[in-house]
Amino acid sequence: MSKQKDFFDQAISPIVNEVLEGYNCTIFAYGQTGTGKTYTMEGGGKKAKNGEFSSDADVILRVVRQIFEVLEAQNAEYSMKFTFLELYNEEITDQLAFEECVKNSDDKFKKPIALMEDGKGGVS
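In the UniProt record's numbering, the protein residues as written are 1 to 124.
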């Protein structure tokens, strides 16, 4: 069993179950540069074989797969909205949007998100 799978099973899967019960949930990776946040959330880049996860499959992939597997098993009719964001050096990028992209520090192409502040100081 891999460390990625252990982490997912213990820390993330219960949160996904809460999402499936109708709760809004957030998975937040925080820490110093070089501590493994990107690896944990995005994986090591190994390709899966025969529909199975590679040993370093990431949290994002595992979350999406768990949600679809549960809903498929329930023959549920559903509508979902996912948001996967990265905040790095005061820039927010959408981890799922690749159109109109700019190159960021990780040499990956991600679309930056503009934040708007309203007259009361709220951010949207």
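Where is the CB? At the ideal position from N, CA and C, for every residue including glycine.
Between the alpha carbons of Gln74 and Gly22 lies a distance of about 15 Å. For Leu87, the uninterrupted beta strand (DSSP E) run begins and ends at 85-88, by DSSP. The DSSP assignment places 59-73 as complete runs of the alpha helix (DSSP H) inside the segment 41-83, in order along the chain (cut-off: 4 residues). The DSSP-derived three-state label of Asp118 is coil. Between Ser55 and Ser13, the C-beta gap is not smaller than 8 Å, which leaves the two residues out of contact.
Here Thr93 carries a strand assignment [DSSP, helix/strand/coil].
Spatial neighbours of Leu61 in its own chain (CB-CB distance under 6 Å, excluding positions within 5 residues in sequence) are not present.
For Gln4, the uninterrupted alpha helix (DSSP H) run begins and ends at 3-7, by DSSP.
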